[in-house]
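The structure appears right after this line, and notes come after that.
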Amino acid sequence: MIGFLRGKLVQKSPPFLVLDVHGVGYEVEAPMTTFYSLPLLGEEVILHTHLVVREDAHSLFGFASAADRTLFRTLIKVNGVGPKLALTILSGQSAEEFHRCIQDNDTQALIRLPGVGKKTAERLVIEMRDRLPDMGEGGTVADTSVGAVSTMGKPKQEAVSALCSLGYKPLDANKMVQNINAEGKTCEDIIRLALQGALK
Numbered sequence: 010m011i012g013f014l015r016g017k018l019v020q021k022s023p024p025f026l027v028l029d030v031h032g033v034g035y036e037v038e039a040p041m042t043t044f045y046s047l048p049l050l051g052e053e054v055i056l057h058t059h060l061v062v063r064e065d066a067h068s069l070f071g072f073a074s075a076a077d078r079t080l081f082r083t084l085i086k087v088n089g090v091g092p093k094l095a096l097t098i099l100s101g102q103s104a105e106e107f108h109r110c111i112q113d114n115d116t117q118a119l120i121r122l123p124g125v126g127k128k129t130a131e132r133l134v135i136e137m138r139d140r141l142p143d144m145g146e147g148g149t150v151a152d153t154s155v156g157a158v159s160t161m162g163k164p165k166q167e168a169v170s171a172l173c174s175l176g177y178k179p180l181d182a183n184k185m186v187q188n189i190n191a192e193g194k195t196c197e198d199i200i201r202l203a204l205q206g207a208l209k
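With positions in the sequence shown counted from 1, the corresponding number in the numbering used here is that position plus 9.
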């Protein structure tokens with residue numbers, strides 16, 4: 010099991026990022042809450058990781074804090090919630106917001122997340138109530154500066170692509186970013202605003 014990675018951030022293309030760890034490039038999938046706290050490209054970052062091994066793929070998931078990784082591991086134990094959906098949930102809400110939804114039985118807030126229907130939301134509330142990990146400090150990313158300049162194209166196009174990867178339909182993803190003023194904003198900034206708007 011790979012517990013964490015420390016290396017140079019060389020690529021950000023939500024939901025994927027690449028870390029150079031002593032000359033080896035690790036491709037990691039991460040929730041948007043982790044992307045919001047990543048340092049600039051070329052700087053060092055520490056990610057708490059979880060490795061999912063399947064017959065057809067080995068997928069590495071990375072998180073800014075140990076608390077987020079613990080929540081991810083708890084989510085994938087819920088019937089019907091796989092790593093992709095768990096990542097989507099963590100992208101759409103902070104760990105604190107998710108805990109609040111579970112404690113308040115707020116299924117409506119969960120249903121607003123892509124891929125979460127009424128039955129899944131109800132199952133999350135029931136099964137997660139007793140499984141919620143403690144909201145401890147956890148390990149955080151070494152540098153919380155945000156704003157790496159994207160090298161993959163226009164930030165809005167990247168944001169739409171990332172939202173589609175998180176489960177939104179292309180038409181919905183386009184609508185979510187259409188009216189956001191992208192001037193001076195990174196892809197991560199646009200995704201954050203789009204997700205905030207979708208949850209209102």
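Glycine included, C-beta positions come from ideal geometry on N, C-alpha and C.
Item: Which word fits Gly-34, buried or exposed, when buried means at least 16 other C-beta atoms lie within 10 angstroms of its C-beta?; Value: exposed
Item: At what residue ranges does the segment 26-92 contain a whole run of the beta strand (DSSP E), taking only runs of 3 or more?; Value: 33-38, 53-62 and 67-72
Item: CA-CA distance, Cys-173 and Lys-127?; Value: 21 Å
Item: Please list the segments of the alpha helix (DSSP H) lying wholly inside the segment 90-127, counting only runs of 4 or more residues, in order along the chain.; Value: 92-101, 104-112 and 116-120
Item: Evaluate His-59 with the Cβ neighbour count: other Cβ atoms within 10 Å of its Cβ, from every protein chain shown; 16 or more gives buried, anything less gives exposed.; Value: buried
Item: Reducing DSSP to helix, strand and coil, say where Leu-18 ends up.; Value: strand
Item: Taking just the CA atoms, how far does Ile-111 sit from Pro-179?; Value: 29 Å
Item: Taking just the CA atoms, how far does Pro-48 sit from Gly-16?; Value: 11 Å
Item: Whose CA, out of Val-54, Phe-44, Arg-121 and Phe-70, lies closest to the CA of Val-30?; Value: Val-54
Item: Expressed to the nearest angstrom, what Euclidean distance is found between the alpha-carbon atoms of Pro-92 and Glu-64?; Value: 15 Å
Item: Once the 5 residues before and after Lys-165 are set aside, which same chain residues still bring their CB inside 7 Å of it?; Value: Val-186, Ala-191 and Ile-199
Item: For Lys-184, tell me which candidate among Ala-207, Gly-193 and Arg-201 has the shortest Cα-Cα distance.; Value: Ala-207
Item: Measuring straight from C-alpha to C-alpha, what distance separates Phe-81 and Lys-163?; Value: 30 Å
Item: Measure the Cβ-Cβ separation of Gly-124 and Leu-96 and say whether it is below 7 Å.; Value: no
Item: Does the beta-carbon of Phe-72 have 16 or more other beta-carbons within 10 angstroms, so that it is buried, or is it exposed?; Value: buried
Item: Count the other CB atoms, across all protein chains shown, that sit within 10 Å of the CB of Met-10; report buried if there are 16 or more and exposed otherwise.; Value: exposed
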